[in-house]
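Visitor: Before I ask anything, here is the structure I am working with.
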Amino acid sequence: MLRPTRLTAARALAGAVAAALTLSACQVASEPQGEPDPDVTQVGSTQTPDGEDEFVYVAMGDSYTAAPLFPLAEQEQINGCLRSDQNYPALVASQLDVPLIDVSCSGASTTSMFAAQRFIDNERPPQLDSLTSDTDLVTLGIGANDFRYFSKMIFTCLKVAKRDPEGSPCRDKNLTPKGRDRIERHLGEIRRNVSRVVRTIGRKAPNAQILLVGYPQLLPAEGTCRNKLPLAVGDYAYTRDLNLRLSNAVRKGGVKAGAEFVDLVEASQGHDICSKEPWVAGIRGAPKRAMGLHPYPAEQQAVADLLVAMI
């Protein structure tokens, strides 16, 4: 659970370090071995004036936490992570007036929590390395990239849509002779992977409140919007089911390991890609607002509000 006195102290200090607490004034934190870590965004001071350690908030996760293109100027493309400086961790830190260590990174999987995430010409350290026994709050959003689940759920289905635009070619393609789904079969492993991450967070940050953020629903219960997401008509229900099953697997894995769960499936009802007020962009994305099939600013603000209400 949180240490209220430290959160109170952090808020009290905010007035003295207001300039440092703005979202655009980011400092680079240090890795444990003393080398600069350009992937860690830290806002504000780490100590109160009387020497008491300040409230420590660490954000971990994949692109649904990093929020690419919300907005993302060229100089903000931090070593391939495409992390916005206005994503929900930054909004939470701003609302609470606390420092932020944000190590979320686009493309991250549960493996990226324990091992380096490699890019063409650099790599990011394991996200779990950002935790210490002084960490007070951890937010985590992870699981969709394990076994390329998200990619198979969306992009594989988009590739085969032209085979039978009115049918369900993706569902048919992924059905095994024994009647099992090739994508869905990984959900048990994803659930266990998320549990492992949460348990490790608990060991490395034993005093921290752990808030696990799920994934929003992408598709409506009825209807289609093939101009935004050109799936075959029959695969809308199939992809929606895979989306909801993923969210459920993440929830079960995290809660079993001791995390508090932020249910975005429920919160995002009426905000699917096809809706009038979508929280996630269609396949083409929106310049300076959201990468294709990634969160809009409204989704990030909604997640921040849900998190603050739980702290």
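In the working numbering, the protein residues as written are 29 to 339.
Every residue gets a Cβ at the ideal spot worked out from N, C-alpha and C, and that includes glycine.
Determine the direct distance from the alpha carbon of residue 155 to that of residue 82, and round the result to whole angstroms.
Guide: The residue you call residue 82 lines up with position 54 of the sequence shown. The residue you call residue 155 lines up with position 127 of the sequence shown. Cα-Cα distance, rounded: 21 Å.
Visitor: Is it buried or exposed, residue 219, if we count other Cβ atoms within 10 angstroms and call 16 or more buried?
Guide: Numbered from 1 along the sequence shown, position 191 holds the residue referred to as residue 219. Residue 219 is buried by the Cβ-count criterion.
Visitor: Is the beta carbon of residue 179 closer than 9 Å to that of residue 265?
Guide: Residue 265 sits at position 237 when you count from the first residue of the sequence shown. Residue 179 sits at position 151 when you count from the first residue of the sequence shown. Result no, Cβ atoms of residue 265 and residue 179 do not sit closer than 9 Å.
Visitor: Tell whether a beta-carbon distance below 9 Å holds between residue 287 and residue 229.
Guide: Looking up residue 287 in the sequence shown gives position 259. Looking up residue 229 in the sequence shown gives position 201. Going by C-beta atoms, residue 287 is nearer than 9 Å to residue 229.
Visitor: Taking the Cβ atom as the reference point for each residue, do residue 132 and residue 91 lie within a distance shorter than 9 Å?
Guide: Stepping through the sequence shown from its first residue, residue 132 is reached at position 104. Stepping through the sequence shown from its first residue, residue 91 is reached at position 63. Cβ atoms of residue 132 and residue 91: closer than 9 Å.
Visitor: Identify the continuous alpha helix (DSSP H) that holds residue 142 and give its terminal residues.
Guide: By 1-based counting over the sequence shown, the position of residue 142 is 114. 139-142 is the extent of the alpha helix (DSSP H) around residue 142.
Visitor: Suppose you measure from the CA of residue 89 to the CA of residue 310; what does that come to, to the nearest Å?
Guide: The sequence position of residue 89 within the sequence shown is 61, counting from 1. The sequence position of residue 310 within the sequence shown is 282, counting from 1. When rounded, the distance between both Cα atoms is 21 Å.
Visitor: With DSSP collapsed to three states, give me the class of residue 93.
Guide: By one-based count along the sequence shown, residue 93 stands at place 65. Of the three classes helix, strand and coil, the one that applies to residue 93 here is helix, per DSSP.
Visitor: Take residue 175 as the anchor and find which of 327, 233 and 137 has the nearest alpha-carbon.
Guide: Translated into the one-based positions of the sequence shown, residue 175 becomes position 147. Residue 137 is the option with its Cα nearest to residue 175.
Visitor: Using 8 Å as the cut-off, can you tell me whether the stretch 115-132 makes contact with the stretch 325-335, which would need three or more C-beta pairs spanning the two stretches below that distance?
Guide: The stretch 115-132, when compared against the stretch 325-335, does touch it at the 8 Å Cβ threshold.
Visitor: In the DSSP assignment, the alpha helix (DSSP H) including residue 328 goes from what residue to what residue?
Guide: Here residue 328 refers to the residue found at position 300 of the sequence shown. Its alpha helix (DSSP H) spans residues 325-338.
Visitor: With three or more beta-carbon pairs closer than 8 Å as the criterion, would you say the stretch 294-312 touches the stretch 250-263?
Guide: Cβ pair count under 8 Å is three or more, so yes.
Visitor: Which residue's Cα is closest to the Cα of residue 336: 108, 97, 126 and 320?
Guide: Counted from its first residue, the sequence shown places residue 336 at position 308. The option with the nearest alpha carbon to residue 336 is 126.
Visitor: If we require 3 or more residues per run, which beta strand (DSSP E) segments fall completely within the stretch 240-292?
Guide: Segments of the beta strand (DSSP E) lying fully in the stretch 240-292: 288-290.
Visitor: Do the stretch 240-249 and the stretch 257-273 meet, that is, are 3 or more Cβ pairs less than 8 Å apart?
Guide: Taking 8 Å as the limit for Cβ pairs, the verdict is that the stretch 257-273 does touch the stretch 240-249.
Visitor: Suppose you measure from the CA of residue 259 to the CA of residue 225; what does that come to, to the nearest Å?
Guide: For the purposes of this step, residue 259 is identified with residue 231 of the sequence shown, where counting begins at 1. For the purposes of this step, residue 225 is identified with residue 197 of the sequence shown, where counting begins at 1. For residue 259 and residue 225, the distance between alpha carbons rounds to 33 Å.
Visitor: Nearest to residue 200 by alpha carbon, out of 184, 215 and 214?
Guide: In the sequence shown, counting from the first residue as 1, residue 200 sits at position 172. Looking at the Cα atoms, 184 is the closest of the given residues.
Visitor: Can you tell me where the alpha helix (DSSP H) with residue 186 in it begins and where it stops?
Guide: Your numbering for residue 186 matches position 158 in the sequence shown. Run containing residue 186: 185-188, per the alpha helix (DSSP H) assignment.
Visitor: Say the cut is 8 Å; is the CB of residue 283 nearer than that to a heavy atom of the ligand NAP?
Guide: The ligand NAP is not part of the structure shown, which contains no ligands of any sort.
Visitor: Contact check, residue 194 vs residue 262 under 8 Å by CB: the rounded distance?
Guide: By 1-based counting over the sequence shown, the position of residue 194 is 166. By 1-based counting over the sequence shown, the position of residue 262 is 234. With 8 Å as the limit, residue 194 and residue 262 qualify as a contact, their Cβ atoms being about 7 Å apart.
Visitor: Considering only C-alpha positions, which residue in the set 296, 297, 295 and 221 is nearest to residue 283?
Guide: Taking the first residue of the sequence shown as position 1, residue 283 is located at position 255. The residue with the shortest Cα to Cα distance from residue 283 is 221.
Visitor: Measure the alpha-carbon distance for residue 113 versus residue 150 and round it to whole angstroms.
Guide: Here residue 113 refers to the residue found at position 85 when the sequence shown is read from its first residue. Here residue 150 refers to the residue found at position 122 when the sequence shown is read from its first residue. In a straight line, the C-alpha of residue 113 is about 21 Å away from that of residue 150.
Visitor: Any chance you could list the beta strand (DSSP E) runs of at least 3 consecutive residues sitting entirely within the stretch 134-219, in chain order?
Guide: Here the runs fully enclosed are 165-169.
Visitor: Of all Cβ atoms in chain B, is any one closer than 9 Å to the Cβ of residue 191?
Guide: Going by chain labels, chain B is absent from the structure shown, which holds only one protein chain.
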